[in-house]
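*Asks:* For what it's worth, the working numbering labels the leading residue of the sequence shown as 47, then goes sequentially.
Backbone N, C-alpha and C define an ideal beta-carbon position, used for all residues, glycine too.
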Amino acid sequence: MIYLTRIERFNAAHKLYNENWSEEQNREVFGKCSNANWHGHNYELHVTLKGRPSPDTGFVFNAKELGDIVKEVIIDKVDHLNLNIDVDFMKGKLTSVENLAIAIWDELKPHVEKDGVRLHCIKLYETATIYTEYYGEASL
Ligand code: NI
Numbered sequence: 047m048i049y050l051t052r053i054e055r056f057n058a059a060h061k062l063y064n065e066n067w068s069e070e071q072n073r074e075v076f077g078k079c080s081n082a083n084w085h086g087h088n089y090e091l092h093v094t095l096k097g098r099p100s101p102d103t104g105f106v107f108n109a110k111e112l113g114d115i116v117k118e119v120i121i122d123k124v125d126h127l128n129l130n131i132d133v134d135f136m137k138g139k140l141t142s143v144e145n146l147a148i149a150i151w152d153e154l155k156p157h158v159e160k161d162g163v164r165l166h167c168i169k170l171y172e173t174a175t176i177y178t179e180y181y182g183e184a185s186l
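Written out as structure tokens, the structure is:
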């Protein structure tokens, strides 16, 4: 197996806010991230596939095609938008970087898995110092 990663970037607004909690509890747990008037992040998304190089191309997956798929299935649906309001696959979810990575995995998986290629990891940077990784563990 060899691993191929494509990186894409997007900007999006969100807030972390649990509707079942009081204003005070939200502020205590989420701090500035619960700000009612939103805030934004410059996200960096790493999509890693695994497979074997094709005897015809030497590719696990055509990297240009992978970029096009990630743009169409994910980036176009989140870029310059509000994760809490505008994004179908985040409806009813807390828009943490963890939940966003899981949702991206679920959205992308059917589009990239073919001919023995598997989605291996979604790595999502929310800031330069915070990122999450998801490997699709069935136990979640
Ligand atoms: Ni935030």
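In whole angstroms, give me the CA-to-CA distance for Ser80 and Asn72.
*Replies:* For the purposes of this step, residue 80 is identified with residue 34 of the sequence shown, where counting begins at 1. For the purposes of this step, residue 72 is identified with residue 26 of the sequence shown, where counting begins at 1. Spanning the two alpha carbons is a distance of roughly 6 Å.
*Asks:* Near the ligand NI, which residues have their beta-carbon less than 7 Å from any of its heavy atoms, given in chain order?
*Replies:* His60, Leu62, Cys79, His85, His87 and Glu172
*Asks:* Could you give the first and the last residue of the continuous alpha helix (DSSP H) run that contains Ala149?
*Replies:* Here residue 149 refers to the residue found at position 103 when the sequence shown is read from its first residue. Where Ala149 is concerned, the enclosing alpha helix (DSSP H) stretches over Val143 to Val158.
*Asks:* My output table needs one value for Ala59: the three-state DSSP class, helix, strand or coil.
*Replies:* Residue 59 sits at position 13 when you count from the first residue of the sequence shown. Looking at Ala59 - three-state DSSP - the assignment turns out to be strand.
*Asks:* Look up Ile168 in the DSSP assignment and say whether it is helix, strand or coil.
*Replies:* Along the sequence shown, one-based indexing puts residue 168 at 122. Ile168 falls in the strand class under three-state DSSP.
*Asks:* Ordered along the chain, which non-local residues of its own chain (more than five positions away) have a Cβ less than 6 Å from that of Thr178?
*Replies:* Here residue 178 refers to the residue found at position 132 when the sequence shown is read from its first residue. The answer, listed in chain order, is Val143, Glu144, Ala147 and Leu170.
*Asks:* Kindly indicate which three-state DSSP category Val75 falls into: helix, strand or coil?
*Replies:* Along the sequence shown, one-based indexing puts residue 75 at 29. Residue state, collapsed to three classes: helix.
*Asks:* What's the call for Glu172, buried or exposed, on a 16-neighbour Cβ count within 10 Å?
*Replies:* On the sequence shown, position 126 is the one that residue 172 refers to. Glu172 is buried by the Cβ-count criterion.
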